[in-house]
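Sequence lines, in order, name chains A and B.
Each residue of the first sequence is one higher than the one before, starting from 38 at the first, in our numbering.
Each residue of the second sequence is one higher than the one before, starting from 38 at the first, in our numbering.
There are 2 protein chains.
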Amino acid sequence: MKCRICGAKAVIYLRQHNLALCEEHFISRFEREVQKTIKKFRMFDRDDVVAVGISGGKDSTTVALVLHKLGYKVRGIFIDLGIPGYSAFSRNKVQNFAQKFGIPLEIYNLKEREGESLPEIASRRKDRICSMCGTIKRYILNKWALEIGADALATGHNLDDETATLLSNTLRWDVGYLAKQHPVLLPTHPKFVKKVKPLAFMTEREIAVYAILNGVDFVNRSCPFSKGAKSLRYKHLLNEIEVQSPGTKLRFYREFLEFQSKYLKPVESEPQLKECKVCGMPTTIDVCSFCRIFRRGV
Amino acid sequence: MKCRICGAKAVIYLRQHNLALCEEHFISRFEREVQKTIKKFRMFDRDDVVAVGISGGKDSTTVALVLHKLGYKVRGIFIDLGIPGYSAFSRNKVQNFAQKFGIPLEIYNLKEREGESLPEIASRRKDRICSMCGTIKRYILNKWALEIGADALATGHNLDDETATLLSNTLRWDVGYLAKQHPVLLPTHPKFVKKVKPLAFMTEREIAVYAILNGVDFVNRSCPFSKGAKSLRYKHLLNEIEVQSPGTKLRFYREFLEFQSKYLKPVESEPQLKECKVCGMPTTIDVCSFCRIFRRGV
Chain A
38 MKCRICGAKA VIYLRQHNLA LCEEHFISRF EREVQKTIKK FRMFDRDDVV AVGISGGKDS
98 TTVALVLHKL GYKVRGIFID LGIPGYSAFS RNKVQNFAQK FGIPLEIYNL KEREGESLPE
158 IASRRKDRIC SMCGTIKRYI LNKWALEIGA DALATGHNLD DETATLLSNT LRWDVGYLAK
218 QHPVLLPTHP KFVKKVKPLA FMTEREIAVY AILNGVDFVN RSCPFSKGAK SLRYKHLLNE
278 IEVQSPGTKL RFYREFLEFQ SKYLKPVESE PQLKECKVCG MPTTIDVCSF CRIFRRGV
Chain B
38 MKCRICGAKA VIYLRQHNLA LCEEHFISRF EREVQKTIKK FRMFDRDDVV AVGISGGKDS
98 TTVALVLHKL GYKVRGIFID LGIPGYSAFS RNKVQNFAQK FGIPLEIYNL KEREGESLPE
158 IASRRKDRIC SMCGTIKRYI LNKWALEIGA DALATGHNLD DETATLLSNT LRWDVGYLAK
218 QHPVLLPTHP KFVKKVKPLA FMTEREIAVY AILNGVDFVN RSCPFSKGAK SLRYKHLLNE
278 IEVQSPGTKL RFYREFLEFQ SKYLKPVESE PQLKECKVCG MPTTIDVCSF CRIFRRGV
């Protein structure tokens, strides 16, 4: 197969666009598409500081790298959760990645900063570990982004993530979630940083190829705690449909955003936010979930 | 497994309801559920005449039978499309079925009434045969229901059909279709008969079991023309989800109807209907699709 633009040897064939591209033209197309998403959804500007939580996987390294290559002011953070056989391995890759590409990186060690690692917390609590881990990471990322004065917090959510979530929300017709799912989540409190998903229209496959072509040595093992997640099933199902009808995922997400803007007004009755009695961060309860997890003020 | 109601040997386990039932209690539950659907959506009353197109498959025989057993005035019609190795075989089964249960039945022979069988029409036209067949059957059913003064035209659409259609419409976020998909389609013209789907909340499996337990000898082969239909893929995918999360299909459809009633007002800009110059039936064009298929007035 040959690149449709220059005729050189193609490295990828994008079935949904019936488009074969060489390395150079795939990379430039990828960056152009991400740039278009940033502009279209007014995610951030040239002068803005963009915070990125870098776990070391293909998505978070790619979002950091592509924003860096596009000339944005990227600041990275790696949250070391202390998961044996996973966190140290990932930290090492992220440090190498940041150094290689010249992306400023901070390491946040949960055990050192909060007194306990994730497995230690999990061992004394009944909550599902993945949901707790989500709470912890969201809290730390937001607070850190706020502290460094970031204008936006970018995540690596890709088209496969977004459509799997969308399918899940749609199967339940959960209006609350459907009204909110968007490439941009505007802050509902001065202590929340705007959240953006610059890779929302790029597939996992495009992202992995982009990372590989750019020489990113990303973490390819999944977290030992994340077995049999429901979202994986929906991804698998959407991939089955995609094979038969290329472009389904992209259309599903794009048309949804159109539909949402016309029919689903943002829910007005947002829960009232107050500030956590312990840490002062926004919460709907007296003591926020993060402080509760670490047994503070309860 | 034992019947949850009487402790007798169960004939079916309904995973989505965590409910095992014996023959008697499965049948009575099935009929009660269909009755609930008829009432909830105000499909028709005791005095109404309900027309049913009976193809001979499990769905159309079951809808005719359950309505008959519930005491409604059912009138059946079999449309003989003249498909070799299929139509005559099906007609025979439908005639036996109608006789066995005492359901009034008419036979409509396409070749005799309109001059050509479906394969004859298909051989001289480029259109997809399934879409043509749909046009022909919808036209004949509606016209016949109108002629016999039926108050409603019931079809055998089941939960698997409805959710497959819903998934297809949702993947495209096709608001026109989403706003219309409903167990009841009210007539938009005096020459249209109200269309109703009394089995919309029953799964294919429940319907097949109901038919078998009632001694219905239904047609179990599919039409030779209906290979690889897209709806089969969506059914298959939904079944995969259903296996993992029993009740998904029912919730998907039920919650959708709730969602629809709140967020999707029926499209006001319905195409203007006029009467076909040839046959006088409602159409958006000068000569209706049915007349065009049979080369009348064009």
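Just so you know, even glycine gets a beta-carbon here, dropped at the ideal spot from N, CA and C.
Exercise. Could you have a look at ARG162/B and say whether DSSP puts it in helix, strand or coil?
Key: Coil, per DSSP.
Quiz item: Within this structure, are the beta carbons of GLU241/B and ASP197/B separated by less than 8 Å?
Solution: Yes, the pair counts as a contact, with Cβ atoms nearer than the cut-off.
Practice problem: With 9 Å as the limit, tell me which residues of the stretch 211 to 228 of chain B have their beta carbon closer than that to any beta carbon of chain A; keep them in chain order. | Solution: Listed in sequence order: ASP211, VAL212, LEU215.
Quiz item: What separation, rounded to the nearest whole angstrom, lies between the Cα atoms of MET318/B and PHE327/B?
Solution: Rounded to the nearest whole angstrom, the C-alpha separation of MET318/B and PHE327/B is 10 Å.
Quiz item: Hey, quick one: how far does the alpha helix (DSSP H) through ASN146/A stretch, first residue to last?
Solution: First-last for ASN146/A: 142 to 146, but that is the beta strand (DSSP E), not the alpha helix (DSSP H).
Quiz item: Can you check whether the CB of GLU68/B is closer than 8 Å to the CB of VAL103/B?
Solution: The Cβ atoms of VAL103/B and GLU68/B lie closer than 8 Å to each other.
Quiz item: So with Cβ pairs under 8 Å, would you call ILE278/B a contact of chain A?
Solution: ILE278/B counts as touching chain A.
Quiz item: From LEU275/B to VAL86/A, what distance separates their C-alpha atoms?
Solution: Their backbone Cα atoms lie some 43 Å apart in a straight line.
Practice problem: Could you tell me whether the Cβ of ARG270/A comes closer than 8 Å to any Cβ of chain B? | Solution: ARG270/A counts as touching chain B.
Exercise. Check whether the stretch 198 to 211 of chain B touches the stretch 155 to 167 of chain B, taking contact to mean three or more Cβ pairs, one atom from each stretch, closer than 8 Å.
Key: In this structure the stretch 198 to 211 of chain B does not lie against the stretch 155 to 167 of chain B, because fewer than three pairs of beta carbons, one per stretch, are closer than 8 Å.
Quiz prompt | Contact with chain B by ARG288/A, beta-carbon distance below 8 Å | solution = Taking Cβ atoms only, chain B reaches closer than 8 Å to ARG288/A, which makes this a yes.
Quiz item: At what residues does the alpha helix (DSSP H) containing TYR214/B begin and finish?
Solution: Run containing TYR214/B: 212 to 217, per the alpha helix (DSSP H) assignment.
Exercise. Provide the residue span of the beta strand (DSSP E) that contains TYR300/A, from first to last.
Key: Element bounds for TYR300/A: not the beta strand (DSSP E) but the alpha helix (DSSP H), 285 to 300.
Self-check item: Beta-carbon neighbours of TYR300/A, restricted to chain B and to distances below 9 Å
Solution: Under the 9 Å cutoff, chain B gives VAL212, TYR300, LEU301.
Self-check item: Closest Cα partner of GLY90/B within the set GLY108/B, PRO141/B, ARG83/B, ASP164/B
Solution: Among GLY108/B, PRO141/B, ARG83/B, ASP164/B, the Cα nearest to that of GLY90/B is on PRO141/B.
Quiz item: In terms of DSSP beta bridges, what is THR320/B paired with?
Solution: Looking at the DSSP output, THR320/B sits in a beta bridge with LYS311/B.
Self-check item: Any 3 or more C-beta pairs closer than 8 Å across the stretch 206 to 225 of chain A and the stretch 120 to 129 of chain A
Solution: Counting Cβ pairs under 8 Å, fewer than three are found: no touch.
Quiz item: LEU208/B CB to nearest chain A CB: under 8 Å?
Solution: Output row for LEU208/B: interface = yes.
Quiz item: Can you give the Cα-Cα distance for LEU51/A and CYS40/A, rounded to whole angstroms?
Solution: Whole-angstrom Cα-Cα distance: 11 Å.
Quiz prompt | Contact under 8 Å by Cβ, THR99/B with GLY252/B | solution = No, these two residues do not count as a Cβ contact at 8 Å.
Quiz item: How is PHE229/A classed by DSSP in three states: helix, strand or coil?
Solution: Residue state for PHE229/A is assigned as coil, using DSSP reduced to three classes.
Quiz prompt | Contact list for GLU292/A against chain B, beta-carbon separation under 7 Å | solution = Against chain B, a Cβ distance below 7 Å from GLU292/A picks out ARG209, TRP210.
Quiz prompt | Under 8 Å by beta carbon: chain B residues contacting LEU102/A | solution = The premise fails here: LEU102/A is roughly 31 Å from chain B at the closest Cβ pair, so nothing lies under 8 Å.
Quiz item: How would you list, in chain order, the residues of chain B whose beta-carbon sits under 7 Å from the beta-carbon of THR285/A?
Solution: Taking a Cβ-Cβ cut-off of 7 Å, the neighbours of THR285/A in chain B comprise LEU208, given in sequence order.
Practice problem: Could you tell me whether any Cβ in chain A is nearer than 8 Å to the Cβ of LYS274/B? | Solution: The residue asked about is misnamed: residue 274/B is Leu in this sequence, not Lys. In terms of beta-carbon proximity, LEU274/B lines the interface with chain A, with at least one pair separated by less than 8 Å.
Exercise. Quick one: give me the first and last residue of the beta strand (DSSP E) that ASP117/A is part of.
Key: First-last of the beta strand (DSSP E) with ASP117/A: 110 to 117.
Self-check item: Listed by chain order, chain B residues near PHE238/A by CB distance under 7 Å
Solution: Correct list: empty, because the minimum Cβ distance to chain B is about 16 Å.
Exercise. If I'm right that THR74/A touches ALA237/A with Cβ under 8 Å, what's the distance once you round it to whole angstroms?
Key: About 6 Å; that satisfies the 8 Å criterion.
Quiz item: Just curious, the beta strand (DSSP E) that ALA88/B is in, first and last residue?
Solution: That run of the beta strand (DSSP E) goes 86 to 90.
Exercise. Thinking LEU178/A and LEU190/A are a contact (beta carbons under 8 Å), I'd like their distance in whole angstroms, please.
Key: Right, their Cβ atoms sit about 6 Å apart.
Exercise. Buried or exposed for THR285/A, please, with buried defined as at least 16 other CB atoms from any protein chain shown within 10 angstroms of its CB.
Key: It counts as buried.
Exercise. Compare the C-alpha of LEU147/B against each of ARG162/B, TYR176/B, LYS106/B, LYS130/B and name the closest.
Key: For LEU147/B, the nearest C-alpha among the options comes from TYR176/B.
Quiz prompt | CYS325/A to GLY186/A span [Cα, whole Å] | solution = When rounded, the distance between both Cα atoms is 22 Å.
Quiz prompt | Below-8 Å beta-carbon distance, PHE138/A vs any chain B residue | solution = No, because no Cβ of chain B sits closer than 8 Å to the Cβ of PHE138/A.
Quiz item: Any Cβ of chain A within less than 8 Å of the Cβ of LEU295/B?
Solution: According to the sequence provided, residue 295/B is Glu. The question's Leu does not apply to it. True, the Cβ-Cβ gap to chain A drops below 8 Å.
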